[in-house]
Every structure is written in C-alpha cells, then in structure tokens.
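Novice: Numbering of the sequence shown is given in this note's numbering, commencing with residue 1 and proceeding in unit increments.
Note that beta-carbon positions come from the ideal geometry of N, C-alpha and C, so glycine has one too.
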Amino acid sequence: MTTRLEMKSISIEFPGVKALNDVSFSTETGTTHALIGANGAGKSTLMKVLSGAYNHYTGDIYLDGKKVSIRSPKDAQNLGIQIVYQEVDTVLIPYLTVGENIMLNETVHDMGKKQFVSWKHIHEKATNILDSIHVTISSKTLVSELTLAEKQMVIIARSLVKQCKFLILDEPTAPLSHSETSELFRIVRDLKNRNVGIIFISHRLPELFEICDEITVMKNGEFVSKEKIAETSQNRVVEYMLGEKLEEQFPKYKVDIGSNVLEVKGLYDNGMIKNFSMHVNAGEIVGIAGLVGAGKSELCKAIFGASKVTAGEIKINGKKIRIKDPNQAVKHGLAFVPEERRKEGILVQETVATNLTAASLGRFSKFMSFLDFKSEKKVSNQMINNLGIKTPSEETRVQNLSGGNQQKVAIGKWLIADAQVYIFDEPTKGVDVGAKKDIFELISELAKRGKSIIYASCEFSEILGITDRVYVVYDGQVAKELATDSTNEEELLFYSTGGK
Ligand SMILES: Nc1ncnc2c1ncn2[C@@H]1O[C@H](COP(=O)(O)OP(=O)(O)OP(=O)(O)O)[C@@H](O)[C@H]1O
Ligand SMILES: [Mg+2]
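#1: Can you tell me which residues form a DSSP beta bridge with residue 481?
#2: Does the beta carbon of residue 48 fall short of 7 Å from some heavy atom of ligand 2?
#3: Could you name the residues of the same chain whose beta carbon sits closer than 7 Å to that of residue 129, not counting the 5 residues immediately before and after it, in chain order?
#4: Looking only at C-alpha atoms, which of 44, 323, 200 and 428 sits nearest to residue 220?
#5: At what residues does the alpha helix (DSSP H) containing residue 415 begin and finish?
#6: Quick one: complete beta strand (DSSP E) runs, 3+ long, within the region 319 to 364?
#7: Does DSSP put residue 304 in a helix, in a strand, or in coil?
#8: At the level of alpha carbons, what is the spacing between residue 459 and residue 154?
#9: Alpha carbon to alpha carbon, how far is residue 494 from residue 87? Give it in angstroms, no decimals.
#10: I want to check one thing, is the minimum distance from the CB of residue 388 to the heavy atoms of ligand 2 below 7 Å?
#11: Nearest by alpha-carbon distance to residue 272: which of 484, 457, 473 and 165 is it?
#12: Cβ atoms of residue 392 and residue 16: under 8 Å apart, would you say?
#13: In chain order, which beta strand (DSSP E) runs of at least 3 residues are fully inside the region 173 to 249?
#14: On a Cα-Cα basis, can you pick out the residue from 172, 411, 180 and 422 that is closest to residue 283?
#15: What distance in whole Å lies between the Cβ atoms of residue 62 and residue 6, which are believed to be in contact at a cut-off of 8 Å?
#16: Hey, out of 150, 186 and 496, whose CA is closest to residue 482's CA?
#17: At a threshold of 7 Å, does residue 403 count as lining ligand 2 (C-beta to nearest heavy atom)?
#18: Pick out the complete alpha helix (DSSP H) segments inside the region 26 to 91, 4 residues or longer, and give them in chain order.
#19: From the DSSP output, read off the bridge partner residues of residue 292.
#20: Have a look at 455, 170 and 193 and flag the residue whose alpha-carbon is nearest the alpha-carbon of residue 428.
#21: Sorry if obvious, but does the Cβ on residue 351 come closer than 7 Å to a heavy atom of ligand 1?
#22: Tell me which residues share the same chain as residue 151 and place their Cβ nearer than 8 Å to its Cβ, disregarding the 5 neighbours each side in the sequence.
#23: Assuming contact is defined by CB atoms lying nearer than 8 Å, are residue 197 and residue 31 in contact in what I supplied?
#24: Would residue 52 and residue 76 be called neighbours here (beta carbons separated by less than 8 Å)?
#25: What would DSSP say about residue 297, mapped onto helix, strand or coil?
#26: So, helix, strand or coil for residue 165, using DSSP?
#27: Given residue 484, which residues of its chain have a CB within under 8 Å of its CB, disregarding the five upstream and five downstream residues?
#28: By Cβ distance, which residues of its chain are closer than 8 Å to residue 133, with the 5 residues on each side in sequence left out?
#29: Compute the Euclidean distance between the alpha carbons of residue 241 and residue 218, then round it to the nearest angstrom.
#30: With distances taken from CA atoms, which of 223, 81, 237 and 122 is nearest residue 169?
#31: For a test of your reading of the model: does the CB of residue 223 fall under 7 Å from any non-hydrogen atom of ligand 1? Yes or no.
#32: What do you reckon, are the CB atoms on residue 478 and residue 278 nearer than 8 Å?
#33: Measure the alpha-carbon distance for residue 318 versus residue 409 and round it to whole angstroms.
#34: Nearest-angstrom Cα distance between residue 312 and residue 200?
#35: Could you have a look at residue 503 and say whether DSSP puts it in helix, strand or coil?
Rendered as structure tokens:
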C-alpha cells in the first residue's frame, strides 16, 4: 500500500531570512524523490521541518490526506519519517559497537523498564537489520573503526529499527567514493523495493538522474517545479534552479605560463605520501587527480605544513624553505582551502566578514592591531558578490548559512588573502552548479594574475576542464604526469586505479 506525503504552504523565518515561502512538496512511499536547488534555496530547512527539527513554521503536513502534527523529532519518528543528516560523524557514539549504536534508542528504553540490557538481543536485532539491507558490517565492530561510508550505513540501519515510511538523505554522497556511492545506491534501491519513500538531496545531477523517479526544484525558498525524471533533462533542471541556462561550465583564460614557483622533491609524510615530486609554474593550474583515499588531501596538508613531513624538500622561487606549520606556509605565500572546510577552514561562530578576512588580517590593520573595519566590510561584500554567498549581511554568523554557502566562505577567505600558491582540495564539494562555475572563474582569474594553483579533485571532468597539467595519484605516489590537453577521463581513471 502506498502512503502519500504532502507538505502544503510551508513557510519559516529566521532572523533576517525568509528561508521558506509558501512551499509545497509531495511524494509517496515506493518512490525515490530528488530535491535540488542552489545553495541556500531551502532544501535542508524544508526537510528539517518534515523531520520535526522546528516548531515555528506555518503550513500543514498530510499523510494520506490526513493532517498530522510534526513539531518535534519524536512526532516525525512516530509517523515513520526518518532523516540522515550530512554530518555523519556527530551522530554516532564512536566507542560503542555498531549494534549498540543501531539500537541506541531501544536500549535506553529497555533499561528503564527492565534495569538490564540484553546484549544478545541487541546484536541479533541489529544484525537482522544490517542483513535486511545486505550490509556485511559486524554488529560487534566499534564505530570508531568504520569508514565514513560504513558509518552512514549504520545510521541508515538505525533509522530502520522503527517502522520507516519515509527516509530523508541530505547530501549523502558528497563525501563518498564512486564505489561507496554505488553501494549506497544499492541500499536505496532495496529500500524503495520495500516500499520506503526516499527523499534524496544532492548537487550531483547525474546521480539524481540515475537513482530517482521524480524531482522537485526549489529556488530562493520557493517551490519551482516537480517533474518525473523520465520526462525532464539535466539542462532543464539547471535552468529551473538557477533561473537561466548554464552556458560554459569551465571558463578558462589563455595564460602564458611563467617560471617555476613551487617545487616539491621526494616528499614523505607519516605514512601515506611516498617520494612525491611535483612542480607548479606561475600562472599554471596543476591538477592532483585521484580517487577518494588516494592521498590527495594528505599531500595538500603536507605541503601546507598541516601534517608532519618526514623527508623531502620544498622550494619556493628556487629557494629551499622549511614549513613546520600552516603559519609559516602563509608567510611563504601559500594558501590552502582544505576539504574538511567546516572542521578546518572556518570558524562557524564568527561572522562572515571575520571569516573572509581572517587569513589576511595584515591587509586590514592600519596600525599594529587596529582593524580597518571599513575596508574589511568593503572587501567582504565584494567577495560575497563574487561568489554569490547567500547571507543577510556580512555580519551574519557563518553557522546560520546553508552548507554550501559555508563552503563558499572558506574559499573566499583565501581568495582575499593575497598568496602566491593556492592549494584547493575538492573545492566544489557541496556547492551548486552555478557556484561551481563562479569558483572555476575565480580560479582562472587567479591564474591569469600569475598565481600558481594546485587543484586536487576526484571529479575528473573538473580536472580536465580547469587544469593545464595533471599528476595522477595512486596510493600516495605520483602514478603519472599528463598534459591536460592530451588526456581524457579513461586515462585518468586507468592510472588512478593503479594501471601501469
Ligand atoms: N538556523 C538558521 N538560522 C538562520 N538562518 C538559517 C538557519 N537555517 C537556515 N537558514 C537560512 O535559510 C536559508 C536556506 O538554508 P538551507 O540550509 O535550507 O539551504 P540548502 O538549500 O540546504 O542549501 P545547501 O545546498 O547549501 O545545503 C539560507 O539562506 C540559510 O542561511
Ligand atoms: Mg543543505
């Protein structure tokens, strides 16, 4: 039997933001429904309303035509609505086993009643649930030993303990590798066949078109369209979400490549990076291509002094330098946009302006420690415009921005800092297609100004679109150096999977 879910005229406001304006959304069990829209469009907020995270919204929610009241997470769960948030790491208890985590809510319940916990029962039930979605993780493994993808599966398993009619997945694939994504898709298909309704948020259009049956597009806190996947196209969806066609995805200027700026020779870190040598010239965009887990992030961190280097040398403009920590890296003209931006790249409690100018304080202090607030404001607003950061003002705290807009702040911070070498680690993760183009444009602009760029990514289409030269990384080593003009996705994939 199918159950129909309808949200009607949902509106919600936060200080200074009307996050949802009269939004309607509907789907049903046994359907996989995509939800898409630019960063800040209101996707997460709408799904938080559905899962009971807020009680100050207006509008109504219906199941099979019957009005229901969802004002707390418990309300939603009792109706069979479960959500998996993107921050997988924060919702599991690392020092408990998989089984204990899956059965967490039940355990507490049992304890109150019976004063003891039946471990056998917990592991049996957890194993049954894992089996039911064909996941082979042992119930007795400690959560701290799992990969991120496995943790995600544990959270999905946990949402299946109680009856689950609708499962919301908010950007589940952003941190996953290709094979982990296929595994997740298998689970999603399984659940769909068991008549669960899936709501799937992602900025990766191809995967939405692969896995979903229907798609709802949102823009600026409003509903734009709902269509069957089979009856629409990726171009049309992009046009709906941005309000315009996306012309050239990879703007790239013709740049005369200058002399050698950064040279890395025989670099080793504490285990992952082995004998890594590379160089970047002025005005050059150099790709570091590799699968998730190949060592790209470790390489970036090692160069930037964010991890321990055990051997090798780094030269800037022909001069050997020692980088013991990120502070020294910045002094030598390096800038780094890390992959784990929310953890390492920004201070979420601080304002947008403070974050944007944090890496370039020197430029904004007229005297020793007096900040020049006027120019801080001006430069911040310029960057807010350039990157299309959606925020009520430069004084808004970063924690109140949508996920993708937080990413843009982390990138903007280093674009303002005037560095010589820019290292970007997966800069487009979690940002919408329009903002991706803005980021590519700014990176091309930097190259045109003679800056040296390192661009690490597992998205080979981006590597091909934006770089001049590529180092393919496999198992912490350079597997192959290639000129971007004369290579293609197949060749990148060949070398990044260990091909010789
Ligand atoms: N708790 C909050 N306080 C203030 N503003 C908020 C809060 N939550 C969301 N907003 C604002 O509501 C708007 C919608 O945010 P939401 O997180 O729903 O966007 P999104 O579509 O999920 O974007 P993304 O693709 O970047 O994740 C944004 O402008 C955001 O800044
Ligand atoms: Mg979101």
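Specialist: Let's see:
#1: Residue pairing of residue 481 in beta bridges, as defined by DSSP: 471.
#2: no
#3: Hits under 7 Å: 102, 157, 160 and 161.
#4: 44
#5: 403 to 416
#6: 319 to 321 and 334 to 337
#7: coil
#8: 26 Å
#9: 32 Å
#10: For residue 388, the Cβ stays outside the 7 Å cut-off from all heavy atoms of ligand 2.
#11: 473
#12: yes
#13: Listed in chain order, the complete beta strand (DSSP E) runs (minimum 3 residues) inside the region 173 to 249 are 197 to 201, 214 to 219 and 222 to 228.
#14: 422
#15: 4 Å
#16: 496
#17: yes
#18: 43 to 50 and 73 to 78
#19: Residue 292 is not bridged to any residue.
#20: 455
#21: no
#22: 88, 89, 92 and 143
#23: By the CB criterion at 8 Å, residue 197 and residue 31 fall inside the cutoff.
#24: A Cβ-Cβ contact shorter than 8 Å links residue 52 with residue 76.
#25: helix
#26: Here residue 165 sits in coil by DSSP.
#27: 287, 463, 464, 467, 468, 469 and 470
#28: 153, 156, 157, 160, 187, 190 and 191
#29: 6 Å
#30: When each option's Cα is compared against that of residue 169, the closest is 81.
#31: no
#32: In this structure, residue 278 lies closer than 8 Å to residue 478 by Cβ.
#33: The straight-line gap separating the alpha-carbon atoms of residue 318 and residue 409 is approximately 32 Å.
#34: 45 Å
#35: Since the first and last residues shown for the chain are 1 and 500, residue 503 lies out of range.
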